[in-house]
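A short worksheet on the structure shown next.
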Amino acid sequence: MNKIKNIWYIFGPLALGLIVSLIIKDHIDYEYLVQPKFAPPAYLFGIAWSILYLLMGISFYLYKKNGEDNSVDKTYNTQLILNLIWPIIFFNFKFRFIGTVEIIILDLVVIYMLYLFFKKYRTSFYLNIPYLLWLLFATYLSYSIYLLN
């Protein structure tokens, strides 16, 4: 693999997440919403997502380094796109219900991606466990915010 591709595999999700954060930054109303029990402070999201995007990128790099499978590539890219459009739907457009449905679809795609990683390259599977856990928590927050607001 060439170096530019390797760098993109590792840091691409983080870079794309940064771009999305710039797109949504003036539209985030999290602090003004009625929040559910266990809602974390707003500053925690940037920290958590930065770590998760980096883990996601490292896991994809390691998988690509150890082989390729078109179904894994498509599933990984699908979940990444779904991940990146969720905050735009939820914060920019304020479509809380659609955002909740979208994040549930994202959960399912990520679970399928983990299944594929488990079959193909287990290290990539394990590196994405924190992502799935945080995503399930984000689903709880999304659904709760939809209901409460």
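Numbering-wise (my numbering), the sequence shown opens with residue 9 and increments by one.
Here a beta-carbon is modelled for each residue, glycine too, at the ideal position from N, C-alpha and C.
All of these numbers come straight from a predicted model, not from anything done at the bench.
- Residue 87 and residue 110 have their C-alpha atoms roughly 11 Å apart.
- Note on the segment 12-45: there is no whole beta strand (DSSP E) run with a minimum of 3 residues.
- Secondary structure of residue 81 (DSSP, three-state): helix.
- For residue 146, the enclosing alpha helix (DSSP H) begins and ends at 137-156.
- Setting aside the 5 residues that flank it on each side, residue 122 is surrounded in the same chain by 133, 136 and 140, each with a C-beta closer than 7 Å to its C-beta; the list follows chain order.
- Distance from the Cα of residue 26 is smallest, within the candidate group 43, 93, 77 and 41, for 93.
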